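Residue numbers (this note's numbering), protein chains in the order written: chain A, -13 to 113; chain B, -16 to 371.
Notes to accompany the following structure.
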């Protein structure tokens, strides 16, 4: 449920580092809590994101949540397919349900994120 | 990711003083997500709102509505008494077994509750009311009874019984194009379903029930009235059919809003009259005096200042409380709002100035940081169902 090669934050985002870029999405726990996703509002390529600040929104029928970036950087790619098939976030949160790809300004920020094990302990407490 | 406080779906802390319906343990066993609603712990969803909605539109769903109130009114003069307190014309359900949607209004025309009244027998009626309004409705009816006489001047208190049967009564809704076929199988040979907006006695799996051909989803189906002690057995019997999916309050809200059905507390309350709420069709102005008639008549002649309008939202979801804008200024707030899986867009209601509440008017809804286009339409939002 929480792949060990990813890093997580306590706002339920995950990050996968690929070179100097980071792919960002939301965790299995987050998609399950939201229920079926019906809208995903994401930034555009070229926008900048900053650690702790919102980069978008995600909505299910019953709730709406802000998406927080765990890192600073510039958006280099956006998963535009989610505007037509937002339910992909539920079906494949770590794969096809990714949200944005960011060129990291400070890769050391990823070191401050928590491991899969720590994240799982965190959500077990929150649940 | 951080959730706004839209609805306490996530991490809902269930306070221990919440009431339980007779189906509470069934919901827990099915893994439902429970939320507080009208003082009860109720299932908001089981598998998911979208899939539960799809089950009702294409097959059948079952809903726990045991929290709703049942008030029996019976005795000589019961008909005359109800005619004087309800807005609709009760003589239209003079046939035993017939039912009608109606309103309870105060002297100012303010809506106390919306109800279905069933003509359950000679001199007998059963009112099904919103759970949150149970004590308000009951007290109102008892006060009115104390204040009126019937026909020849006999005090109504001497003639009419008003009994709150909510605690011992279960209510389970089965809705969807396949609902009647399942009910027929449970009822056995020779079963004839009651006509639309009628009810009849039946045996389901040998359990005595009242079957009402009514609902809140826009699909064909029934609402099963039973003794509370039988609710769980009926629930399980229904769920033994693969056609039937358990559905929570989340799906129920989407289904009813797609049909433009009003929700008390969101689409109307004590501060709103039936004309402004778009419920003039359940007010029988020609039936003689009833509580609220004069006030409602004044609104009808003068015309409502504000009216409840339907909105189709172009991109995004308009949630309750979001501002509605016209020409850049706020003209109202969203009353009910959700996502329609059938239309694949947001749908909503809002009280707007009467001149803007006309189909075709373009408005905007402020969806958090964005302004989103919306068009005023006349509900239902969804036209084709198993009832149409």
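Ideal placement from N, C-alpha and C gives every residue a C-beta, glycine not left out.
Note that the structure is predicted; figures quoted are calculated from it, not measured.
Give me the subset of the stretch 22 to 36 of chain B whose CB atoms are less than 9 Å from a CB atom of chain A, sorted by chain position.
27, 28, 31, 32, 33, 34, 36
Are the CB atoms of residue 331/B and residue 343/B nearer to each other than 9 Å?
no
Relative to chain A, which residues along the stretch 315 to 327 of chain B have a C-beta separation below 7 Å, given in chain order?
321, 322
So residue 25/A contacts chain B; which residues on that side make the cut at Cβ distance below 7 Å?
299, 300
Run down chain B in chain order and give the residues with a C-beta less than 8 Å from the C-beta of residue 22/A.
31, 32, 33, 34
Residues that DSSP places opposite residue 49/B in a beta bridge
None, per the DSSP bridge assignment.
Does the distance from the C-beta atom of residue 153/B to that of residue 256/B stay below 9 Å?
no
Classify residue 133/B as helix, strand or coil using the three-state DSSP reduction.
strand
Determine whether the Cβ of residue 239/B lies closer than 9 Å to any Cβ atom of chain A.
no
Selected residue, minimal CA-CA separation from residue 33/B, among 254/B, 230/B, 364/B:
230/B
Please confirm whether residue 48/A has its beta-carbon closer than 9 Å to some beta-carbon of chain B.
yes
Quick check on residue 269/B: does DSSP put it in helix, strand or coil?
helix
Once you ignore the five residues that flank residue 21/B on each side, which residues in its own chain have a CB closer than 8 Å to its CB?
50, 113, 114, 115
Is residue 44/B close to chain A, meaning its C-beta is less than 9 Å from at least one C-beta of that chain?
no
Report the start-end ranges of each beta strand (DSSP E) in the stretch 285 to 363 of chain B that is 3 residues or longer and not cut off at the edges.
289 to 296, 306 to 309, 312 to 323, 328 to 336, 345 to 350, 353 to 360
Taking the alpha carbon of residue 105/B as the point to measure from, which residue in 131/B, 77/B, 161/B, 126/B has its own alpha carbon closest?
77/B
For the putative contact between residue 151/B and residue 211/B, defined by C-beta atoms under 8 Å, what is the C-beta separation to the nearest angstrom?
5 Å
Starting from residue 233/B, find everything on chain A with Cβ-Cβ shorter than 7 Å and list it in chain order.
47, 48
Thinking C-beta only, is residue 157/B closer than 9 Å to residue 372/B?
The structure shown has nothing for residue 372/B, since chain B only spans -16 to 371.
Are the C-beta atoms of residue 106/A and some chain B residue less than 9 Å apart?
no
Given 8 Å, three or more beta-carbon pairs between the stretch 127 to 138 of chain B and the stretch 170 to 180 of chain B:
no
Nearest candidate by alpha-carbon position, reference residue 60/A, set 8/A, 72/A, -9/A, 2/A:
8/A
Beta-carbon contacts of residue 345/B that lie in its chain and below 7 Å, excluding the five residues immediately before and after
356, 358
With a threshold of 7 Å on Cβ separation, who are the neighbours of residue 76/A within its own chain once the five nearest residues in sequence on each side are excluded?
17, 22, 23
When burial is assigned at 16 or more other CB atoms within 10 Å of the CB, is residue 10/B buried or exposed?
buried
Spatially closest choice to residue 190/B from 19/B, 166/B, 180/B, by CA coordinates:
166/B
Using DSSP with H/G/I as helix, E/B as strand and the rest coil, what is residue 18/A?
helix
Flag this pair as touching only if the stretch 31 to 46 of chain B and the stretch 197 to 208 of chain B have three or more C-beta atom pairs under 8 Å; answer yes or no.
yes
Contact under 9 Å by Cβ, residue 372/B with residue 205/B
Outside the shown range of chain B (-16 to 371) lies residue 372/B, about which nothing can therefore be said.
If I measure Cβ to Cβ from residue 39/A and keep anything under 8 Å in the same chain, skipping five residues before and after, which residues do I get?
54, 55
Mind reading off the beta-carbon distance from residue 365/B to residue 251/B? Whole number of angstroms is fine, and I expect it under 8 Å.
Not confirmed; about 21 Å, so no contact.
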